[in-house]
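> When you line the sequence shown up against my numbering, it's residues 2 to 543, in that order.
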Amino acid sequence: MVERNGGDGAAAPGRRSSLRLRVLFLVCLVAVPLSVERMLALVAERQEQVSALEEDVRNFARSAKLAQMEGISRSLTALDVLSRMADRLLEDPAACNRQLSRLADEVAGIQGAFIADAAGLVRCAHAPLALGVNISERDYFRDAAATDGVVMTEMFVSRVSGRNSVFLLRAEHGPGRALLAVAAVVVDLQWLSRIAAGTAVELGVVVDLIGDNGTVLVRYPTMPEIVEHRFPDHPLTRAVAAEESGIVRVPGYDGKERIFAFEGFGHLPISIAVGIETAKAVGPIDSKVRSTALAYFIALACFLLLAWVAEERIVIAPIARLTRAVAAVGRGEADHVNDMGVAEFSPLVNAFNEMARRLSQRNNELRTMNGRLASLARTDGLTGLANRRTFDVQFSQDWVRARGEGVPLTLVMLDVDHFKAFNDTRGHLQGDEALRAVARMLSAAAAGTSNLVARYGGEEFVVLMSGADVGAGVAFAEDVRRLLAEIALEHPAAPRRRVTASFGVASVVPTAEGSPDALIAAADAALYEAKRAGRDRVIAHS
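1. Below 8 angstroms, can you find three or more Cβ-Cβ pairs linking the region 47-66 to the region 269-285?
2. Which partner residues does Ala-274 have in the DSSP bridge list?
3. Could you tell me whether the Cβ atoms of Val-186 and Leu-83 are closer together than 9 angstroms?
4. How far does the alpha helix (DSSP H) with Met-1 in it extend, from its first residue to its last?
5. Do the CB positions of Ala-119 and Leu-169 come within less than 9 angstroms of each other?
6. Tell me the rounded alpha-carbon separation between Ile-488 and Arg-533.
7. Please report the residue range of the beta strand (DSSP E) in which Thr-411 lies.
8. How about His-235 and Tyr-254: do their beta carbons lie closer than 9 angstroms?
9. What does DSSP give as the partner residue(s) for Phe-504 in the beta ladder?
10. So if DSSP puts Asn-135 in a beta bridge, which residue, or which two residues, is it bridged to?
11. Less than 8 angstroms between the CB atoms is what I'm expecting for Val-413 and Phe-504, so what's the real figure, rounded?
12. To the nearest angstrom, how far is it from the Cα of Arg-143 to the Cα of Ser-137?
13. What does the alpha-carbon distance come out to for the pair Asn-165 and Met-156?
14. Note the first and the last residue of the continuous beta strand (DSSP E) segment covering Leu-181.
15. With a cut-off of 8 angstroms, do at least 3 Cβ pairs link the region 99-110 to the region 119-130?
16. Put Phe-157 into one of helix, strand or coil per three-state DSSP.
17. Which value, in whole angstroms, describes the spacing of the CA atoms of Ala-87 and Ala-280?
18. Rounded to the nearest angstrom, what separates Val-58 and Ala-45 at their Cα positions?
19. Starting from Ala-117, follow its DSSP beta bridges and name the residues at the other end.
20. Tell me which residue opens and which closes the beta strand (DSSP E) that Ser-246 is part of.
21. List the residues that DSSP assigns as beta-bridge partners of Leu-453.
22. Should Phe-115 be counted as a contact of the ligand ATP given a C-beta to heavy atom distance under 8 angstroms?
23. Please report the Cβ distance between Ala-422 and Ala-494, rounded to the nearest whole angstrom; I am assuming they are in contact, meaning their Cβ atoms lie under 8 angstroms.
24. Anyone know if the C-beta pair for Leu-386 and Arg-482 falls short of 9 angstroms?
25. Quick check on Leu-90: buried or exposed, where buried means 16 or more other Cβ atoms within 10 Å of its Cβ?
26. Do Leu-218 and Val-228 come within 9 angstroms of each other at the CB atom, strictly closer than that value?
27. Please name the residue, chosen from Glu-334, Leu-323 and Val-330, that lies closest to Asp-340 on a Cα-to-Cα basis.
28. Determine the DSSP secondary structure at Phe-232, reduced to helix, strand or coil.
29. Measure the alpha-carbon distance for Arg-16 versus Glu-355 and round it to whole angstroms.
30. Taking Ala-105 as part of the alpha helix (DSSP H), name the residues at either end of that continuous run.
31. Would you call the CB atoms of Gly-256 and Asp-209 closer than 9 angstroms?
32. Please report the residue range of the alpha helix (DSSP H) in which Val-217 lies.
33. For my contact list, Ala-296 and Leu-349 are in at a C-beta cut-off of 8 angstroms; report their separation, rounded to the angstrom.
34. In the DSSP assignment, the beta strand (DSSP E) including Leu-170 goes from what residue to what residue?
35. Applying the 10 Å Cβ sphere with the 16-neighbour rule, what's the burial state of Val-394?
36. Within 10 angstroms of its Cβ, does Ala-112 collect 16 or more other Cβ (buried), or is it exposed?
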């Protein structure tokens with residue numbers, strides 16, 4: 002509708018102004034929702050980047066924990082060996098002193114070691130000054146004597162070395178839980194500090210190894226006013242004490258606010274916390290969000306100016322192309338947004354492409370990590386065979402399948418003979434190697450078949466043979482027994498002077514009334530019969 006007001010010359014400027022305002026209004030109708038959506042996207046992107054940063058810190062904490070556990074496990078392994086041999090070592094104190102001195106000098110992560118008798122008198126030690134010290138009244142001696150597990154002390158100043166020290170203790174008990182001796186190793190805190198320094202590879206990352214009551218055992222970067230001091234009421238200490246693992250944003254022991262991820266060490270009263278300064282971590286993200294938002298608003302202002310000057314074609318067409326490109330990425334029809342040919346759009350395009358790239362990279366990393374975790378959950382860490390959980394799942398599935406098909410299911414169960422005596426004579430490291438050798442024999446015998454070989458527990462293994470009868474199970478067991486005889490692993494404490502195994506074989510055609518537990522019990526009974534009959538033989542359940 003055209004309104005006439007008396008003259009064309011007076012109406013023309015009004016119509017030109019109205020047309021531009023209308024075009025600007027139409028552009029605003031598109032630009033305002035896009036602006037809101039983009040702001041929400043920027044907020045979501047910031048949250049995703051902060052979440053990704055927190056996940057990185059959590060991964061740093063897990064890596065630092067694994068590195069520290071590698072060092073602490075040496076102390077735990079040495080302590081386990083010393084505690085098992087403590088009463089025998091005390092029979093020759095001079096030889097015991099030499100052995101503990103070599104242990105302190107040669108094993109990284111151990112500062113020293115000593116063994117006290119049942120009365121609390123130190124009779125064997127790496128340092129002569131420790132000999133004859135009575136620790137019967139010490140709390141850690143009493144705690145160790147009262148339990149079969151490992152006891153870790155709080156940090157205290159050692160009277161022998163004059164340095165802050167942490168002990169790991171373990172008692173050896175005889176018949177009737179009579180205390181025979183208490184073995185202890187002194188953890189080398191400097192070694193743990195070097196490990197922490199090796200894991201803190203990221204700029205601005207701090208690593209704190211926190212003991213009981215908020216004692217900072219190790220810190221990197223080292224700060225004398227923090228290391229070996231207690232912070233019982235600190236927010237980080239309370240957070241670590243409340244949960245086994247987690248992530249918090251609290252001030253560090255140096256007062257700087259950080260994003261901390263922490264991990265506990267299970268039965269040991271220590272935790273590791275890895276933190277990154279909040280300002281350094283979140284600041285670049287906020288700066289990027291601000292710059293992206295600023296670039297977007299500048300581009301939007303240019304769009305409005307172009308709309309005011311050049312009307313719809315110059316403004317609407319690039320927005321429509323950008324909207325289609327973003328929607329295509331959102332639907333998965335494209336993996337990036339191409340350049341729209343408009344300079345003001347470049348920051349927006351680059352930010353969106355960077356977000357899409359990071360999301361794709363994060364998804365790939367998550368898929369890889371999930372695959373590794375699934376593999377670890379199925380595999381026994383020592384032998385590389387399937388673990389007990391994998392066996393239980395496969396056994397249940399094969400039982401149902403065999404019951405439906407009416408085919409037999411055979412179970413071979415074997416146990417390494419005199420294995421405790423093997424550990425006592427040759428040590429646990431050689432014991433582990435012997436178990437790996439048995440695992441290799443089982444894997445070699447099962448190669449090319451569908452048989453599942455699993456570690457059932459300790460020195461006991463099982464082989465699940467679906468569709469095979471008891472004769473096939475006996476033949477398989479005899480093959481493994483022959484292979485063990487051929488490799489002739491030395492076993493000084495065994496009657497045959499080599500490592501042998503006893504085998505129990507049981508087979509059944511599953512029925513609706515049958516039970517998988519009955520087949521396991523039958524194989525176990527046959528294994529027991531093989532043990533009772535003299536070991537190193539195969540017995541099939543009748």
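All C-beta atoms in this analysis are idealised placements derived from N, C-alpha and C, irrespective of residue type, glycine included.
Since this is a predicted model, take the numbers as computed values, not measurements.
Short version:
1. yes
2. Mapped onto the sequence shown, residue 274 falls at position 273. Beta-bridge pairing links Ala-274 to Asp-209 and Phe-263.
3. Locating residue 186 in the sequence shown gives position 185, where the first residue counts as 1. Locating residue 83 in the sequence shown gives position 82, where the first residue counts as 1. Yes, Cβ-Cβ distance for Val-186 and Leu-83 is below 9 angstroms.
4. For the chain, the structure presents residues 2 to 543; residue 1 sits outside this window and is missing.
5. Within the sequence shown, the letter at position 118 stands for residue 119. Within the sequence shown, the letter at position 168 stands for residue 169. No; because the gap between Cβ atoms is not below 9 angstroms, this pair is not in contact.
6. Reading the sequence shown from its first residue, position 487 is the one you call residue 488. Reading the sequence shown from its first residue, position 532 is the one you call residue 533. The alpha-carbon of Ile-488 is positioned some 24 angstroms away from that of Arg-533.
7. Your numbering for residue 411 matches position 410 in the sequence shown. Where Thr-411 is concerned, the enclosing beta strand (DSSP E) starts and stops at 410-417.
8. Here residue 235 refers to the residue found at position 234 when the sequence shown is read from its first residue. Here residue 254 refers to the residue found at position 253 when the sequence shown is read from its first residue. Taking 9 angstroms as the Cβ cut-off, His-235 and Tyr-254 qualify as a contacting pair.
9. Mapped onto the sequence shown, residue 504 falls at position 503. For Phe-504, which the question treats as bridged, DSSP gives the partners Leu-415 and Val-539.
10. Within the sequence shown, the letter at position 134 stands for residue 135. Asn-135 pairs with Leu-122.
11. The residue labelled residue 413 in the question sits at position 412 within the sequence shown. The residue labelled residue 504 in the question sits at position 503 within the sequence shown. About 6 angstroms separates the two Cβ atoms, so the contact holds.
12. One-based indexing of the sequence shown puts residue 143 at position 142. One-based indexing of the sequence shown puts residue 137 at position 136. Distance between the alpha carbons of Arg-143 and Ser-137: 7 angstroms.
13. Residue mapping note: residue 165 aligns to position 164 of the sequence shown, counting from 1. Residue mapping note: residue 156 aligns to position 155 of the sequence shown, counting from 1. Going from the Cα of Asn-165 to the Cα of Met-156 covers about 6 angstroms.
14. For the purposes of this step, residue 181 is identified with residue 180 of the sequence shown, where counting begins at 1. Segment 180-188, the beta strand (DSSP E) holding Leu-181.
15. yes
16. By one-based count along the sequence shown, residue 157 stands at place 156. Three-state DSSP puts Phe-157 in a strand.
17. By one-based count along the sequence shown, residue 87 stands at place 86. By one-based count along the sequence shown, residue 280 stands at place 279. Answer to the nearest angstrom: the Cα atoms are 53 angstroms apart.
18. As a first step, residue 58 must be located in the sequence shown, where it is residue number 57. As a first step, residue 45 must be located in the sequence shown, where it is residue number 44. Roughly 20 angstroms between the two C-alpha positions.
19. By 1-based counting over the sequence shown, the position of residue 117 is 116. Ala-117 is bridged to Val-123 and Val-183.
20. By 1-based counting over the sequence shown, the position of residue 246 is 245. Unbroken beta strand (DSSP E) run through Ser-246: 246-252.
21. If you number the sequence shown from 1, residue 453 lands on position 452. In DSSP, Leu-453 forms a bridge with Leu-465.
22. What this structure holds is no ligand at all, so the ligand ATP is not there to describe.
23. As a working note, residue 422 is residue 421 in the sequence shown. As a working note, residue 494 is residue 493 in the sequence shown. By a beta-carbon distance limit of 8 angstroms, Ala-422 contacts Ala-494. Their separation comes to about 4 angstroms.
24. The residue given as residue 386 occupies position 385 in the sequence shown. The residue given as residue 482 occupies position 481 in the sequence shown. It is not a contact, given that the beta carbons lie outside the stated cut-off.
25. The residue labelled residue 90 in the question sits at position 89 within the sequence shown. Leu-90 is buried by the Cβ-count criterion.
26. Start at 1 with the first residue of the sequence shown, and residue 228 comes out as number 227. Start at 1 with the first residue of the sequence shown, and residue 218 comes out as number 217. Cβ distance < 9 angstroms, so Val-228 and Leu-218 count as in contact.
27. For this step, residue 340 is matched to residue 339 along the sequence shown. Nearest C-alpha to Asp-340: Leu-323.
28. Along the sequence shown, one-based indexing puts residue 232 at 231. Coil, per DSSP.
29. Within the sequence shown, the letter at position 15 stands for residue 16. Within the sequence shown, the letter at position 354 stands for residue 355. With a pLDDT of only 43 at Arg-16, under the threshold of 50, the placement of this residue in the model should not be trusted; the figure read from the coordinates follows. Arg-16 and Glu-355: Cα-Cα distance of roughly 45 angstroms.
30. Position 104 of the sequence shown, counting from 1, holds the residue named residue 105. Unbroken alpha helix (DSSP H) run through Ala-105: 94-107.
31. Here residue 256 refers to the residue found at position 255 of the sequence shown. Here residue 209 refers to the residue found at position 208 of the sequence shown. No, the pair does not count as a contact, with Cβ atoms beyond the cut-off.
32. Numbered from its first residue, the sequence shown carries residue 217 at position 216. Counting along the chain, Val-217 falls outside any alpha helix (DSSP H), though it belongs to the beta strand (DSSP E) covering 217-221.
33. Walking along the sequence shown from the start, residue 296 turns up at place 295. Walking along the sequence shown from the start, residue 349 turns up at place 348. At roughly 7 angstroms, the Cβ-Cβ gap stays under 8 angstroms, so Ala-296 and Leu-349 are in contact.
34. Residue 170 sits at position 169 when you count from the first residue of the sequence shown. Start and end: 168-174.
35. In the sequence shown, residue 394 corresponds to position 393, counting from 1. So Val-394 ends up on the exposed side.
36. Walking along the sequence shown from the start, residue 112 turns up at place 111. The displayed chain sequence assigns Gln, not Ala, to residue 112. Buried.
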